[in-house]
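Beneath this line is the structure, given in structure tokens, with notes to follow.
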Amino acid sequence: MIKSLKNSAMFSNSLYSITGQASFLVSNFLLFIVLLKEFPQEAVGVWALFITVISIVDSMRQGLIQNGLTRLLIQKADEEAQQAGSGLTINFSVIILSAILLYFGAGLLANLWEAPALIELFKQSWKPLVSLGTIQMMNILCFAKNKFKLYARLNLIYMVTFLTIMVTVWYTGNLSFNAILNGQLLAVIPSVTYMHVKHPIAIAMPKMAIIKELLGFGKYIAGTNLLSLLFNKADVLMIAYFLDPISLALFHFASRIIQYIELPLTALSQVIYPRLAASYHANGVSQLKKEYGRSILTLLALIIPGVMVIDIFNTSIINILSSEDYLSSSQLIIILSIGCLFKPWGRVFGLTLDAIGKPKVNFQMLAFSLLVNIAMNAWLIPQYGVTGAAIATTSSIIITILLGQIRIKKYVDISPLSEVFNSFKIKTLIATK
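Under UniProt numbering, the residues of the sequence shown are numbered 1 to 433, in order.
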């Protein structure tokens, strides 16, 4: 009975997590379609480069607080208000510093990639940084307190507000990059208001001891997030350097399609990490092993159908979402989709290392992976163009994840293949009964 209730709770949390993540991604997905339909390919390439830099900066901010704050709220619930205040202090301090650096570095970055349009975009970088930082901070507090239903509601409110603003802007003929950035910023306000009125979370003055603890734990995760984003975006940055904005637009289209197929990885990671951390904290390695296998199996079951769909129907998907100008992305989608089948293993590997207090090891593995990725992109892009970038990225993913599954045995008694097989066997027996 207890096990049934736990499984039911996990299913509900997973469903709310996917709903919340899907809501946020749907708003971005529809924006993506608008960009493809209303802006020339060169402009789409410039936007892709801007969003890549924003994603890298934002991932560092998120890494400094997300897992560390979640961990503290689980282990020391009596200091919740001070922990929330300390997390908010770090969150917005990083946003302010990042916005200042991007504002004054706008010209340098624009010259590096020979894209003058980036100057004005980078000067407004504070808008997406505040928008992302605010909604994600609310999400962290929801996850740590198991308020997944609230998380879903907040993101649904954001989606509806943002889409309403975008439809209004498009209908009035005022669609521009500036209007998009303003829309992202304004869309956060109703979500913040709803949380403050309906589900207020206690916030107290920050404590220096908690800030130091969060930064001490989060520095490796921030570094890991940075390396992870650089790994995922190295191809974009190097295509921008070696090729042109149109090539970048083609690759951006393919990588965006892959991002939506990987939605379960992002959404369920927010459910999986607290479960891994709690199981290890309460029951040690024995329960952690079961969670490890179950988590990989769940992610594989959710991601394989999506990979099959985009591999079979990728040309139709391209025609529906954009135009014949993007048909060259078809081959890129197929190559990149191969890496999707390995990512569940890598994602659970990284979350497990964080859960057992070994974020430094995860950081080291990603540093190695990034070096492999950069070397392969530098070798293959000049020879094979955007196809070379796709091959380099997929190959790097496979190599790193296979090495990670071997290395994890050094830190915790887990055999990944055995744990996944055992979980599959248990689920099969339950299903046959």
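Think of the CB as a built atom: it goes at the ideal place given N, C-alpha and C, for glycine as much as any other residue.
| Check | Outcome |
| --- | --- |
| The region 222–239 / the region 249–261 touching (three or more Cβ pairs under 8 Å) | yes |
| Neighbour-count burial assignment, Lys-37, 16 or more Cβ in a 10 Å radius | exposed |
| Residue of Thr-224, Gly-293, Leu-380, Val-34 minimising C-alpha distance to Leu-243 | Leu-380 |
| Selected residue, minimal CA-CA separation from Ile-334, among Gly-357, Pro-344, Met-308 | Met-308 |
| Segment limits, alpha helix (DSSP H) that includes Ile-189 | 188–198 |
| Local Cβ density within 10 Å of Ala-431, reported as buried at 16 or more and exposed below that | With a pLDDT of only 46 at Ala-431, under the threshold of 50, the placement of this residue in the model should not be trusted; the figure read from the coordinates follows. Ala-431 comes out exposed. |
| Selection from Asn-377, Tyr-292, Leu-108 that minimises the alpha carbon distance to residue 494 | Missing from the structure shown is residue 494; the chain here goes from 1 to 433 and no further. |
| Whole-angstrom C-beta distance between Ile-211 and Thr-89, which should lie under 8 Å | 6 Å |
| Reduced DSSP category for Gln-124 - H, G, I as helix; E, B as strand; rest coil | coil |
| Residue span of the alpha helix (DSSP H) that contains Pro-344, given as start and end | 343–355 |
| C-beta contact flag for Glu-262 and Ile-296 at 8 Å | no |
| Pairwise C-alpha distance: Tyr-16 and Ser-131 | 21 Å |
| For Gly-133 and Asp-58, the rounded distance between their alpha carbons | 7 Å |
| Host alpha helix (DSSP H) of Phe-231 (start-end) | 208–242 |
| Backbone CA spacing between residue 434 and Gln-75 [nearest angstrom] | Nothing can be reported for residue 434: it is not among the residues displayed for the chain, which extend from 1 to 433. |
| Val-26 - DSSP class collapsed to helix/strand/coil | helix |
| Segment contact flag, the region 58–69 with the region 189–197, C-beta cutoff 8 Å, min 3 pairs | no |
| Euclidean distance between Cα positions of Thr-172 and Glu-42 | 24 Å |
| DSSP three-state assignment for Glu-38, whether helix, strand or coil | helix |
| Beta-carbon gap between Ala-277 and Arg-71 smaller than 8 Å | yes |
| Environment of Thr-168 [buried if 16+ CB atoms lie within 10 Å] | exposed |
| Rounded separation between Ser-125 and Gln-184 - CA only | 11 Å |
| Sub-8 Å separation of Leu-156 and His-199 beta-carbons | no |
| Backbone CA spacing between Leu-366 and Pro-344 [nearest angstrom] | 15 Å |
| Own chain, CB closer than 8 Å to Leu-429, minus 5 neighbours either side, in chain order | Low confidence applies here, because Leu-429 scores a pLDDT of 41, under 50, leaving its location unreliable and the question unanswered by this model. |
| Complete beta strand (DSSP E) runs within the region 77–160 (minimum length 3 residues, chain order) | none |
| Straight-line gap, Asn-139 to Ile-203 (C-alpha atoms, nearest Å) | 15 Å |
| Pair within 8 Å by beta-carbon distance, Leu-336 and Gly-45 | no |
| Option in Ile-135, Leu-35, Asn-314 with minimal Cα separation from Leu-175 | Leu-35 |
| Proximity winner among Val-386, Gly-385, Ala-179, Ala-390, relative to Phe-162 (alpha-carbon distances) | Ala-179 |
| Distance between Pro-40 and Lys-6 (C-alpha atoms, nearest Å) | Residue confidence for Lys-6 is low, a pLDDT of 48 falling below 50, so the modelled location carries little weight; the figure read from the coordinates is stated next. The straight-line gap from Cα to Cα measures roughly 50 Å. |
| Close beta carbons around Gly-350, own chain, < 6 Å, minus the five adjacent residues each side | Asn-362 |
| Cβ neighbour criterion (16 or more within 10 Å) applied to Gln-383 | exposed |
| Length of the line joining the Cα atoms of Phe-342 and Gln-405 | 11 Å |
| For Glu-79 and Phe-29, the rounded distance between their alpha carbons | 38 Å |
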